[in-house]
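*Asks:*
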Amino acid sequence: MSVSVRRIMRSDHVVGWAFAFPAVALIVVFGIVPIVWSALMSFQKTNLLSTPEWIGLDNYRALPKDPLFKTSMVHAFIYAALFVPLSVGGGLFAAVALNRHIRGIRFYRLAVFVPVVVSTIATSIMFLWLFDPNFGLANWLLGLVGLGPFGFFTSSDGALYSIIAMTVWGWIGFDAIIYLAALQGVPNELLEAAQLDGARSWGIFRNITLPLLGPATLFLVVFSTINAIQVFDEIYFLTKGGPGTATYVPVLYLFKLAFEQGIAGYAAAIAYVLLVAILILTVIQLWVGKRMVYYAS
Amino acid sequence: MSMSAEIRDSAGALPALEKESGRDPRSDRFVFSWWHLVLFPLAFLMLIPMIWMIITSLQTLNETRHFPPILVPSSIQWQNYTEVLQRAPFARWFLNTLVVTVVVVAGNLLFCSLAGYAFARIKFFGRDVVFILVLATLMIPFQVIMIPTFIIVRKLGLIDTLGALIVPNLAGAFGIFLLRQFFRSLPIELEEAARIDGASRLGVLFKIVLPLSGPVLATVAVITFLWTWNDFLWPLITIYNPDNMTLQLGLTTFQGAHQTNTHLLMAANVMSVIPVLLLFFVAQRFFIRGIATSGLKG
Amino acid sequence: MPGLTFDRVSKEFPGGTVAVRDFSLAIADGEFMIFVGPSGCGKTTALRMVAGLEKITSGTISIGDRVINDDSPRDRDIAMVFQNYALYPHMTVYKNLAFGLKERKMPKDEIAIRVNGVSSMLGIDDLLTRRPAQLSGGQRQRVAMGRALVREPAAFLLDEPLSNLDAKLRAQVRGDLKRLHQRLGITTIYVTHDQVEAMTLGDRVAVMSNGVLQQLGAPQDVYDRPANLFVAGFIGSPPMNLLRAEARGGVASAGDLSLPIADLPDGDVVLGLRPEHLRPATDGQPSMEFQVEVVEPLGDGVIVHGTVSGTLVTAPSGDDEVLPRLAGERAEITTKFEPTLRPSPGERMRLAIAPHHVHVFDGRTGDVIVAAGA
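Chains as they are written, first to last, in the numbering used here: chain A, 2 to 298; chain B, -14 to 283; chain C, 1186 to 1559.
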């Protein structure tokens, strides 16, 4: 091999690309290409088997007129509107409680974190049984205090809320971890100074701790909202969108369209609408985040 | 402080959640604290679904068809578990999931280390643009790409094989991001010294950088493991043959076939959850760090 | 306004560390008291106990007649300036200053009067709308002081407030602090490890080591009459030379030095010699041979390092035994001469020691046996 060829082979450009190539290639093929392809698909009519047909903006035009789409978006909105405050607020409450050094705190922290690692399906199975209308523990316990019995996943009024309760259970630990890290990042001296200044516990929490948790709160709110919009596994497993269309959500709809009914182009359009919603939320996060910059140097 | 201790410290730039919080002059480790009254019910609520699942998995069918629910079974039906293994290719599902997860984790560790190192330390043409492109994929929700990815995987002839679950996930932007960030925090003098001593880039990566990257590699491994083990939607789309299913998918078919065999369903569920729980207890630190880091990246 | 009293205060941390041991002293109303000592001597812990940020293990702290052991920090009418300032990063300077008053439900216009008054006194009024991250170190320090002052507290606690400032700023702020105290007259406890700050700022100085109060007195008194070896070695820069000697029949011998001292009991002793009291000898004075090694001209004096025959001791900390420092035959001595006297390295000369300038310490316990005269 000539010297110049060897030198080229050793050059940073070649080496750099050689290192990055496998991962980048995988990401391009299974990430970038699909993103672009999906965009194109949203302008097509295709059933994933025969040749797709270009139909311009027809898919997007059909969306506002589609009652199922509207229902699913309303449900996504309700879902987010309840899931986010409950899981983020609950996570904050749990984190404050967990931020102690009392005996057994390790046990409590583990207990709160465990639901996060359990899969969506396993969680759904657990709650399917817990919320069983006839033999479930939940109905029995609620009965003890004079409530219920409830249909939970089988009730068209209660199914969505039951799923929300279940997923809040599954995600509180995540929010608690983030908040716990943030709480431990608040310098002790600030809290001491506030004590001396005359603030009581609540005053310290409201005026010092909570504002300093701002970045964590912002992240969790946006992250949870994005997650809420994309809920699928639990709905598919537990109710398939039912009873009736009581728990119909966007991702379920687009799954059925693409893989059960072969209406893939339209499904891609829905996916892109969701993407736009997520991008808007992320931009809001970045924008609000910038205005919040007061991190102690 | 020794150099490697410093480096390990920069890996754990997050406050250590495993340790306890700062001084509290008033409750210097009281045996009783009012907070127990809050924490205990909270922990109970978090654990009760699982506890109930375990109890049910050890009951007979008749015991489950009882209201009010029987809290303490009269006997322990270990055979529920073996019955599950007989009635469904559960062991097969477990093995499939294990194979897929291990290969995906290994692939991520390898390819994301290579790429992360290149993005961190090697100046190559188009590096910054490509990196931004990679980061962008982190923001794209799965449902946007799942249809075309399905078509691509089908064209590759991988549908209904474990390959469909492995190949698209062999390298992810999450791992690249974490590793690049970590590599950049290491003192570059170490690598420069090694290169002057004659090591190639590859040698520097494997002999100098990676040995110092234990914690972040563990974090990537653990988070990738968790995500892959729990994945449902992608296997749902690509796998049909029960022999090729993963645990999550298999559980749904099991539930479909055994809707009223609650005791068996719970046993199956317990078996599917144990590996992740075990890993969690063993590697808590890395789970928590991984989860908290995904918060920082946001 | 009442004074502040420590009565046999001790602090033991869980795990067994005793940070403060049997600490008693009384601070007069309006006095500027300094707690000084090396790191870990307990001075900050003592301060934090006054603030209520550390629980008191035993003993009492009182303001006037009132024991404040069980009062929460907010009820003690005490303000503190933290070492790292502890400014609220998400609030403007104005809000930082106003925070305490607002939490105590003071009406808005009264808050404004106080905040503006304090900020103009400290010269930070043009910073009121800024955030701490936008301020320099010196500015932050003044905001921290302002936050404490705005509460018009009964006592003012400062935890090493100058340690994060550069040297020039430190000297300037020292002067500002002294002027402020003269003007406002608030009872102050100031914690530092820097003995220069202790000497220049305090009405009285409490020297601490290993949790124990070593000596309490006016700065000049502590300098002129140290109660033990620790104080002797800690106060004064360059530090006092501590030379091992043997006392017999009223004469202390160290190396080639024979020093007659009145009322000197027999036994092992340590002689304390301040650098500025060592002069080139003229005939007739007790003296020792001195070999010059390093000469450091200071402008207003000359520091000369050299050796004499003999053994030095290390000033002990706390209850430690007095230890000899060097095993060799020569001991390193520091002297401070007039600027006009400038010996050359290698030169041999004799140093005169006036007996009335010598401090004599017990060779075992370190306590002073014979104090130096005027």
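Every residue, glycine too, gets a C-beta built ideally from N, C-alpha and C.
State the Cα-Cα distance for the pair A:S12 and A:A26, rounded to the nearest angstrom.
*Replies:* Using only the alpha carbons, I get a separation of about 20 Å.
*Asks:* From B:S6 to B:L30, what does the alpha carbon distance come to, in whole angstroms?
*Replies:* Low confidence applies to B:S6: its pLDDT is 39, below 50, so where it sits in the model is not reliable, and the reading given next is rough at best. Cα to Cα, B:S6 sits roughly 24 Å from B:L30.
*Asks:* Quick one: give me the first and last residue of the alpha helix (DSSP H) that C:G1270 is part of.
*Replies:* At residue 1270 of chain C the sequence reads Tyr, which differs from the Gly that was named. Looking at the DSSP string, C:Y1270 is not in any alpha helix (DSSP H), and its letter there is neither H nor E.
*Asks:* Is the shortest distance between the beta-carbon of A:A200 and the beta-carbons of chain C less than 9 Å?
*Replies:* Judged by the 9 Å Cβ criterion, A:A200 is in contact with chain C.
*Asks:* Using a Cβ distance threshold of 8 Å, determine whether the region 76 to 84 of chain A contacts the region 225 to 236 of chain A, with at least three qualifying pairs required.
*Replies:* Yes, the region 76 to 84 of chain A touches the region 225 to 236 of chain A.
*Asks:* Using three-state DSSP, classify B:S60 as helix, strand or coil.
*Replies:* Looking at B:S60 - three-state DSSP - the assignment turns out to be coil, as it is neither helix nor strand.
*Asks:* Return the Cβ separation of B:F52 and A:F136 in integer angstroms, given the expectation that the two are a contact with Cβ distance under 8 Å.
*Replies:* Indeed they touch by this definition, with Cβ atoms about 5 Å apart.
*Asks:* Closer than 7 Å, Cβ to Cβ, to anything on chain A: give me those residues from the region 1277 to 1288 of chain C, in chain order.
*Replies:* Within the region 1277 to 1288 of chain C, the residues whose Cβ lies closer than 7 Å to some Cβ of chain A are F1284, G1285 and E1288, listed in chain order.
*Asks:* Does any residue of chain C have a CB that is nearer than 9 Å to the CB of A:G204?
*Replies:* Closer than 9 Å to some Cβ of chain C, the Cβ of A:G204 qualifies, so yes.
*Asks:* Unbroken alpha helix (DSSP H) runs of length 4 or more, entirely within the region 53 to 120 of chain B: which are they?
*Replies:* Fully enclosed alpha helix (DSSP H) runs of 4 or longer: 64 to 72 and 75 to 106.
*Asks:* Mind pulling the chain B residues with CB within less than 9 Å of A:V34?
*Replies:* In chain order: I130, P133, T134 and I137.
*Asks:* Comparing the C-beta of A:F44 with each C-beta of chain F, is any distance below 9 Å?
*Replies:* No chain F appears in this structure, whose protein chains are A, B and C.
*Asks:* Interface residues of chain A around C:P1258 at Cβ under 8 Å?
*Replies:* Neighbours of C:P1258 on chain A, chain order: E193, Q196 and L197.
*Asks:* Is it the case that the region 1262 to 1278 of chain C contacts the region 1314 to 1329 of chain C, given that we only count it when at least three CB pairs across the two stretches are under 8 Å?
*Replies:* Verdict: yes, contact present.
*Asks:* Just the C-alpha distance for C:I1260 and C:G1237, rounded to the nearest angstrom, thanks.
*Replies:* Rather than Ile, the amino acid found at residue 1260 of chain C in this sequence is Asp. Taking the straight line from one Cα to the other gives about 9 Å.
*Asks:* Would C:F1419 pass as a contact of C:P1223 if the rule is Cβ separation under 9 Å?
*Replies:* A contact, by the Cβ cut-off of 9 Å.
*Asks:* Between the beta-carbon of B:A277 and the beta-carbon of A:A182, is there less than 9 Å?
*Replies:* In contact: B:A277 and A:A182 (Cβ atoms closer than 9 Å).
*Asks:* If contacts are defined as beta-carbon pairs under 8 Å, then A:P216 and A:G290 qualify, I think. What distance do you get, rounded to the angstrom?
*Replies:* 7 Å between Cβ atoms; contact.
*Asks:* How about A:L221 and A:D176: are their beta carbons less than 9 Å apart?
*Replies:* Their beta carbons are under 9 Å apart, which means A:L221 touches A:D176 by this criterion.
*Asks:* Chain A partners of B:Y102, CB-CB under 8 Å?
*Replies:* The contacting residues are F20.
*Asks:* By DSSP, does A:L214 sit in helix, in strand, or in coil?
*Replies:* The answer is coil: DSSP assigns A:L214 none of H, G, I, E or B.
*Asks:* Considering only residues of the same chain and omitting the five flanking positions on each side of C:L1526, which have a CB-CB separation below 8 Å?
*Replies:* Same-chain partners within the cutoff: P1465 and V1487.
*Asks:* Between C:A1447 and C:V1555, is the Cβ-Cβ spacing less than 9 Å?
*Replies:* Contact: yes.
*Asks:* Relative to the alpha-carbon of C:I1212, which residue among C:K1363, C:F1191, C:A1412 and C:H1462 has its alpha-carbon at the smallest distance?
*Replies:* It is C:F1191 whose Cα lies nearest to the Cα of C:I1212.
*Asks:* Can you tell which of C:A1539, C:L1343, C:L1369 and C:S1321 has the C-alpha that lies nearest to the C-alpha of C:P1460?
*Replies:* The residue with the shortest Cα to Cα distance from C:P1460 is C:A1539.
*Asks:* Output yes or no for whether 9 Å exceeds the beta carbon distance between B:L99 and A:F20.
*Replies:* Cβ distance < 9 Å, so B:L99 and A:F20 count as in contact.
*Asks:* Leaving aside the five residues before and after A:L87 along the sequence, list all residues of the same chain whose C-beta is less than 6 Å from its C-beta, in chain order.
*Replies:* These residues qualify, in order along the chain: V169.
*Asks:* So that I know if they touch, is there some Cβ in chain C lying closer than 9 Å to that of A:I106?
*Replies:* Not an interface residue.
*Asks:* Give the DSSP bridge partners of B:L147, in chain order.
*Replies:* DSSP, once it has assigned bridges, lists no residue as partnering B:L147.
*Asks:* Using a Cβ-Cβ cut-off of 9 Å, state whether A:L93 counts as contacting chain C.
*Replies:* Judged by the 9 Å Cβ criterion, A:L93 is not in contact with chain C.
*Asks:* Check the DSSP bridge columns for B:T45 and list the partner residues they point to.
*Replies:* Its beta-bridge partners do not exist; DSSP assigns none.
*Asks:* Can you have a look at B:F17 and say buried or exposed, based on whether 16 or more other CB atoms are within 10 angstroms of its CB?
*Replies:* The residue is exposed, with fewer than 16 neighbouring Cβ atoms inside 10 Å.
*Asks:* Quick check: the region 170 to 184 of chain B against the region 222 to 238 of chain B, are at least 3 beta-carbon pairs closer than 8 Å?
*Replies:* No contact exists between the region 222 to 238 of chain B and the region 170 to 184 of chain B.
*Asks:* Measuring only between beta-carbons, confirm whether C:Y1273 sits less than 9 Å from chain A.
*Replies:* Interface residue, yes.
*Asks:* Note down, in chain order, each residue of its chain lying with its Cβ closer than 8 Å to the Cβ of A:F233, except the 5 sequence neighbours on either side.
*Replies:* So the qualifying residues of the chain are V250, V252, L253 and F256.
*Asks:* Who are the Cβ neighbours of C:R1359 in its own chain at under 7 Å, not counting the five residues just before and after it?
*Replies:* L1347, E1382, T1385 and L1386, listed in sequence order.
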